[in-house]
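Report on one structure; see the data block that follows.
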């Protein structure tokens, strides 16, 4: 689902948020040269195990699996989706795993009729079809659903058209300043600038009766590079499918929020499912969007709204009506989760869970099968280790999820069904999604930061043959040295040049880690490679194919092997470590930066509010406006009262003290080879394994109780993008001042509970 699950180890949007993680390498932390969580003798055995694991990874097998699994349409409910699940089930069993398919019945509407036409003196009937492309063997196959957005409403509407740029909140403010009202209109937005599901949601909230989303070549077409098949970018008739369910409220089956979609589960009536939209939505190509944009009159679009099409962009409304029809078959479909297990030899009730989804919007070679075949390679290599006599100390659970694309359904329903057991037993969830060529991307719980860095330092980059961590370090330094680099890129370049650990990105949403991290509070990672491939242009289209991947993705499948090594080593180390390899000082360091960011947000918001009020009171906007092209002043922002972040300051400071004490006790115990009794070790691992749960609150976030993590969540108005300390940050950004103060205190209480358990761990290590 994720547009790019592949990002730098620290994405640029999160750079400043984790800059202080450099402190993780200060004196007092475990030595970089040791294998974190292992005694010296155990580390030697572990490194030998990983070498034997690596020796079994064969890029030719990954290529073969991808070609087979992407050979037919692979959407939820398709025959090939089930065939792929059964193929993997047989493979897991062949490799020595205890495997089964767990099936859930979920609401999955599919289109019966989609139509779009421009009426009036220059009529146009949209093609709404992606034609076959020479050299792409699967692009001519039958069985492909037409382009559509799942979980939009049915409708047959005719109305004038208004162009709303990316369809984000600020875009509607700009329309209002130009006197444009979208009530009773159909809104045309372009992909980009925010998650697709927010575009129709905001259109609906502003009174529109329909929404169209098109792909402008400025964002993922010929303005980025040669279009497919000459290059990897979106051709004129290419369409991005996708879910528009309101997943910021809850993911999964819209009819069973918080409960697995098992037989007998209580289901909401369709009208009561809050994540299903009330207006029809349709994605279209830029070829189909061009006549619609040409039909718009009204004011010129602001400069930042203009794409790369050879036309003058206006905001509308159109003089001619647009007729939009969407009719769907609102029925239940099965989703097939493939679950494979190897029971732990000494700690069977501690689970390491590894997942990737297998359903696509069409063929899904990039998204998700490029990641899924890496998971399969890991499973086969682990099966080979079993045949050599090894067995993990902790239980391994490998899962290939179904139904991720429409809304993280397979993983969410499984996690909700097994929630109580997972919260007792699961100590780590490792996710991947798509995969490509280039730089390591990693995000997740910051207590896992040192583990990821140590693993990344031991895996060679296929192209340069340095470690994937050092190649990423070089990439960060070069990016920050550019004369046009943003301040955050320059800051991270300084950090990267200093050596030591590179920080993890924080996780928002868009892939299968959501239920584990943000609902159940299980420490999670998301891993993948990318940055040197051309995949954005065929995202969620018919052209996400084996042939495209072979040309523009990872032609040698060496980065598939690299992903299998990184994820596999994380799994193996977590399975066999003497003590679970989580380092809580890294989380404390990162939290300190998040709290600092909140202070800066308060200061910047106060300054911006004062400045806006001064401009309004002095009539500056009116005097600045062109009388022949009137633009009204912005609406006056509310006054800003005192914001009380003191509870967070105190909690973060006390946590930092406890984290230092824990690390000192850990280092002392590690120096003795973790001389703990079996009972002490079990108690230590139990407390370490559920530390992340201490960062959750049963009442959840404002207006969306499903999201219980108080530090990481997808933004209500950003979609996939993360909001850290979300209860406070989003209240500040939305100018809900009382709520910001309340959640500052509530989040501090959560951090205090986390610190109290960390103090218990310190006492146990000392005892």
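In mature numbering (1 follows the signal peptide of the UniProt record, and there is no 0), the protein residues as written are -23 to -1, 1 to 744. Built from N, CA and C at the ideal position, the CB exists for glycine as well.
Check                                                                                                                    : Outcome
Which of helix, strand or coil DSSP assigns to residue 362                                                               : helix
Length of the line joining the Cα atoms of residue 384 and residue 703                                                   : 21 Å
First and last residue of the uninterrupted beta strand (DSSP E) at residue 312                                          : 309 to 319
Three-state class that DSSP yields for residue 671 in the structure shown                                                : helix
Alpha carbon of residue 63 to alpha carbon of residue 168, nearest angstrom                                              : 35 Å
Where residue 241 falls, given that 16 or more other Cβ within 10 Å makes a residue buried                               : exposed
According to DSSP, residues forming a beta bridge with residue 820                                                       : In the structure as shown, the chain begins at -23 and stops at 744. Residue 820 is therefore absent and cannot be evaluated.
4 or more residues per run - each alpha helix (DSSP H) lying fully within the segment 48 to 100                          : 56 to 71
Check whether residue 362 and residue 561 have beta carbons under 8 Å apart                                              : no
Distance between residue 420 and residue 535 (C-alpha atoms, nearest Å)                                                  : 22 Å
Range of the contiguous alpha helix (DSSP H) that encloses residue 386                                                   : 386 to 394
Three-state secondary structure (DSSP) of residue 686                                                                    : strand
Status (buried if at least 16 other CB within 10 Å, exposed otherwise) for residue 673                                   : buried
Residues sharing a beta bridge with residue 246, DSSP                                                                    : Residue 246 is not bridged to any residue.
Residue 27 versus residue 436 - alpha carbon distance                                                                    : 10 Å
Coil, strand or helix - residue 3 by DSSP                                                                                : Any reading at residue 3 must be qualified, since the residue scores a pLDDT of 38, below 50, and its modelled position is unreliable; no value is offered.
For residue 96 and residue 603, the rounded distance between their alpha carbons                                         : 33 Å
Helix, strand or coil at residue 140 according to DSSP, with G and I counted as helix                                    : strand
Best match in 450, 201, 413 and 651 for proximity to residue 531 [C-alpha to C-alpha]                                    : 413
Nonlocal neighbours in the same chain, by C-beta distance under 6 Å from residue 337, ignoring five residues either side : 51
Nearest residue (CA-CA) to residue 705, options 577, 292 and 139                                                         : 577
CB-CB length for residue 256 against residue 406, believed under 8 Å                                                     : So it is not a contact: roughly 35 Å between Cβ atoms.
Where the beta strand (DSSP E) containing residue 196 begins and where it ends                                           : Here residue 196 belongs to no beta strand (DSSP E); instead the alpha helix (DSSP H) covers 194 to 197.
Residue 71 classed as buried or exposed, judged by whether at least 16 other C-beta atoms fall within 10 angstroms       : exposed
Distance between residue 564 and residue 424 (C-alpha atoms, nearest Å)                                                  : 5 Å
Alpha-carbon to alpha-carbon, residue 107 and residue 264                                                                : 11 Å
Selected residue, minimal CA-CA separation from residue 228, among 441, 647 and 492                                      : 492
Residue 42 classed as buried or exposed, judged by whether at least 16 other C-beta atoms fall within 10 angstroms       : buried
Nonlocal neighbours in the same chain, by C-beta distance under 6 Å from residue 698, ignoring five residues either side : 485 and 692
8 Å contact criterion, which residue 128 and residue 53 should meet: CB distance rounded                                 : Contact flag wrong, Cβ pair sits at about 12 Å.
Nearest-angstrom Cα separation, counted from residue 173 out to residue 629                                              : 35 Å
Cα-Cα separation, residue 726 to residue 617                                                                             : 25 Å
Distance between residue 29 and residue 86 (C-alpha atoms, nearest Å)                                                    : 46 Å
Between the CA atoms of residue 513 and residue 162 - distance to the nearest angstrom                                   : 30 Å
Residue(s) in a DSSP beta bridge with residue 700                                                                        : 690
Segments of 4+ residues assigned as alpha helix (DSSP H) that fall wholly inside the segment 446 to 485                  : 464 to 474
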